[in-house]
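The sequence shown runs contiguously to residue 318 in our numbering. Glycine included, C-beta positions come from ideal geometry on N, C-alpha and C. Remarks on the structure that follows.
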Amino acid sequence: MESLLDITVHSSDIDLNGHLNHVRYVEFMERGRKAWYELIHFPLESFHSQGIMTSIVNINMNFRRECHEHDALQVVTKPVKVGRSSYVFDQTIINSDQLVCADARVTCVIMDLATRQSTSVPDKLRSHFPSE
């Protein structure tokens with residue numbers, strides 16, 4: 187199940203070159219992942235109540251086209267793969283013309299809050315990823 191999150195580029199998102207700052211693409215994708223967790227009824231707050239946390243261990247991002255102030259964007263977040271303790275999302279930011287502005291593959295790891303070591307992906311989360 188993929189999630190869709192609508193975002194509008196604000197003046198504070200623009201860098202000295204007059205386009206969306208590269209850091210904002212990463213932040214927008216983070217918001218997209220949060221929206222995905224909420225969509226599956228597994229909000230980030232529920233991780234801590236289970237004694238676990240999720241941590242990003244890799245982001246491989248391609249910046250495909252500029253975005254500017256007032257652009258209407260959509261962040262598409264799609265679960266693609268799950269392992270024992272890690273899982274992977276494909277994320278895309280598209281503009282109102284349906285053109286890809288950025289895409290990324292993001293790998294997350296579930297960690298035990300107390301030991302800070304990797305631990306198994308909870309079944310409730312695992313069930314939303316395609317089986318291999």
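Beta bridge counterpart(s) of residue i as assigned by DSSP
i	result
methionine 247	Ala290
tyrosine 223	Answer by DSSP bridge pairing: none, since tyrosine 223 is not bridged.
phenylalanine 275	Pro265 and Val292
serine 304	Met297
Which listed residue (the options) has its alpha carbon closest to that of residue i
i	options	result
alanine 258	Lys220, Lys267 and Cys287	Cys287
serine 235	Phe315, Asp298, Arg312 and Ser306	Asp298
methionine 247	Ile279, Leu311, Thr305 and Ala221	Ile279
serine 241	Asp201, Arg219 and His254	Arg219
glycine 269	Ser198, Phe315, Ile245 and Val195	Phe315
asparagine 203	Ile245, His254 and Leu285	His254
phenylalanine 356	Phe233, Ser272, Ser232 and Val292	There is simply no residue 356 to check, as the chain begins at 187 and stops at 318 in what is shown.
serine 197	Ser232, Met239 and His256	His256
isoleucine 193	Val307, Arg312 and Val262	Val262
Same chain only: Cβ atoms within 7 Å of residue i, ignoring 5 sequence neighbours per side
i	result
phenylalanine 249	His208, Tyr211 and Ala288
serine 304	Ser271, Val295, Ile296 and Met297
histidine 205	Glu252, Cys253 and His254
Cβ-based neighbour list, residue i, same chain, cut-off 6 Å, excluding 5 preceding and 5 following
i	result
lysine 264	Glu188 and Asp276
lysine 267	Val274
Residue i: CB within 7 Å of a non-hydrogen atom of the ligand ZN
i	result
proline 265	Absence of the ligand ZN from the depicted structure is noted, as is the absence of any ligand whatsoever, leaving it without description.
Within-8 Å CB hit, residue i to chain D
i	result
leucine 202	Although the question refers to chain D, the structure presented lacks it and comprises just one protein chain.
Is it true that the stretch 210–229 meets the stretch 188–199, where meeting means three or more beta-carbon pairs spaced less than 8 Å apart? Because the criterion of three Cβ pairs below 8 Å is met, the stretch 210–229 and the stretch 188–199 touch.
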